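Quick note: the sequence shown uses this note's numbering, first residue 6, plus one each step.
Cβ atoms here follow ideal geometry from the backbone N, Cα and C, with glycine treated the same way.
As the structure is a prediction and not an experimental result, all values here were calculated from the model.
Have a look at the structure below before the remarks.
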Amino acid sequence: MNNEFELIYEGKAKKVFSHDDEDKVIIEFKDDATAFNALKKAKFEGKGKLNCLISAKIFEILINKNIPTHFIKLLNENTLIAKKIRVIPLEIVLRNIAYGSLCKQTTIKPGTILAKPLIDIYLKNDELNDPLITQDRIELMNILSSRDLDLIIDLTLKINGILKSFFENIKLQLVDFKLEFGYDSKNNIILGDEISPDNCRLWDLNQKNDTIVSLDKDRFRNDLGDLIEAYSEINRRINEFV
Ligand code: TMP
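Next comes the structure, spelled out in structure tokens:
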């Protein structure tokens, strides 16, 4: 990004720049990958571009189904223009299949199909290591009213319905994903952040036996093979379908 725009915020995987229009921002996707609250770090050339292109396509699908999102348009392959939001400091995780931290923190076996989607909410705070949080604590901290929390949960369930069937069409199983929301300039709650293999678990359904083939950031988290190959495959399947 040239110096014309001011860097407003730099996160682990993205940079946010100002836009001439003060209601908009420019989001640049980085090639950096982190796991376990940045205890593990690496750079994968091309990851930023793949996550940006995948996110843009997914946001378009959601917008077509009337989900309000911050996405406006792609600026180039690793940068998009989005509505400026006041980020709500919560990470909303929805799980269709038990895996990852759910299985480390409970006695539920990895791979268990959940009878109904489970929503786990985490406080977005690196210093506190993003702890699991309760509805009462959210209200106590004045992060959200119970009405707005209900609205976010409702949107998350709707997004799951749309994305689960979309990914099934391209032979991917949506195991779980993480969303972030914010308030736009009119104080409406809209979906922010990204939707990519960095924050979704996606398993290949083109497997003849029961082996799990992760096409997502678990490749990096758990050293399961080439990350760019997996992300490219997801991008290829999305583009073939859409
Ligand atoms: P978990 O099983 O580690 O709690 O992860 C659940 C989902 O949330 C998985 O798809 C990865 C995603 N996730 C993020 O996007 N950011 C995070 O910081 C964490 C911990 C998980």
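Nonlocal neighbours in the same chain, by C-beta distance under 6 Å from residue i, ignoring five residues either side
i	result
LEU133	none
LEU149	ILE143
Residue i Cβ short of 7 Å to the ligand TMP heavy atom set
i	result
CYS57	no
GLU96	yes
LYS35	no
ASN204	yes
ASP181	yes
ASP131	no
GLY53	no
LEU156	no
TYR104	yes
ASP135	yes
LEU107	yes
Close-in-space but distant-in-sequence residues of the same chain around residue i (CB under 7 Å, 5 per side omitted)
i	result
VAL247	LYS62
GLU238	LEU220
GLU11	PHE22 and SER23
Range of the contiguous beta strand (DSSP E) that encloses residue i
i	result
LEU85	84–88
TYR188	186–188
LYS46	45–48
ASP125	118–128
THR112	Taken as a continuous stretch (DSSP letters only), THR112 belongs to no beta strand (DSSP E), as it is neither H nor E.
Straight-line gap, residue i to residue j (C-alpha atoms, nearest Å)
i	j	result
ILE13	LEU44	24 Å
LEU210	ILE175	9 Å
GLN178	CYS205	10 Å
ASN284	ASN192	Because the chain spans 6 through 247 in this model, residue 284 falls outside it and cannot be assessed.
SER106	PHE171	25 Å
ARG2	ILE97	This structure cannot speak to residue 2, because the chain is shown only from 6 to 247.
LYS46	ASP36	11 Å
SER151	ALA40	31 Å
Residue range of the unbroken alpha helix (DSSP H) whose run includes residue i
i	result
GLN140	140–145
PHE246	232–246
ALA61	52–69
Residue i: CB within 7 Å of a non-hydrogen atom of the ligand COA
i	result
GLY187	Ligands displayed in this structure: the ligand TMP; the ligand COA is not among them.
Nonlocal neighbours in the same chain, by C-beta distance under 8 Å from residue i, ignoring five residues either side
i	result
LEU119	ARG100, ASN101, ILE102 and ALA103
GLY116	ILE102, ALA103, TYR104 and ILE217
THR84	MET6, ILE31, ILE32, GLU33, PHE34 and CYS57
ILE233	PHE49, GLU50, GLY51, LYS52 and LEU55
Counting Cβ pairs, one atom from each stretch, are 3 or more of them under 8 Å apart for the stretch 56–67 and the stretch 194–201? yes
Three-pair Cβ contact test at 8 Å for the stretch 133–146 versus the stretch 213–229: The stretch 133–146 vs the stretch 213–229: no contact.
Answer yes if the stretch 221–232 comes into contact with the stretch 146–162, meaning at least three C-beta pairs across the two stretches below 8 Å, and no otherwise. Short answer: they don't touch.
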